[in-house]
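With our numbering applied, the sequence shown covers 260 to 337.
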Amino acid sequence: MTDDNTRAAEARKGSPFLSTREAAYYLGLSFRTLEKMRFTGNGPRFRKHGRYVRYHIADLDAWSEGRRHHSTSETEER
Numbered sequence: 260m261t262d263d264n265t266r267a268a269e270a271r272k273g274s275p276f277l278s279t280r281e282a283a284y285y286l287g288l289s290f291r292t293l294e295k296m297r298f299t300g301n302g303p304r305f306r307k308h309g310r311y312v313r314y315h316i317a318d319l320d321a322w323s324e325g326r327r328h329h330s331t332s333e334t335e336e337r
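See below:
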């Protein structure tokens, strides 16, 4: 595992804030996809710490939980 992957995998043990790359790995998304989602407003909540974008693990979990579905027909309702 790379350092980014290790930090994302062990995020709950350390700092609750992840970079875009770490958050993307945590969610199983590509870095670019998460960047695009941030730009369009479709992604998880994020914070700006100076010039750095950071994602709190609780926000990532809440966003992921909100995307839970019981069937494929539910996705069309959104």
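Where is the CB? At the ideal position from N, CA and C, for every residue including glycine.
Legend entry - Span of the beta strand (DSSP E) around R291: Per DSSP, R291 belongs to no beta strand (DSSP E); it is in the alpha helix (DSSP H), F290 to T299.
Legend entry - Cβ-Cβ distance between Y284 and L319 below 7 Å: no
Inset, instruction - Could you tell me which residues DSSP puts in a beta bridge with H308? - result: Y311
Legend entry - Local Cβ density within 10 Å of G302, reported as buried at 16 or more and exposed below that: buried
Legend entry - N301 CB to nearest heavy atom of the ligand FAD below 6 Å: Absence of the ligand FAD is noted for the structure shown, with no ligands found whatsoever.
Inset, instruction - With DSSP as the reference, please indicate the residues paired to L277 in a beta bridge. - result: Y314
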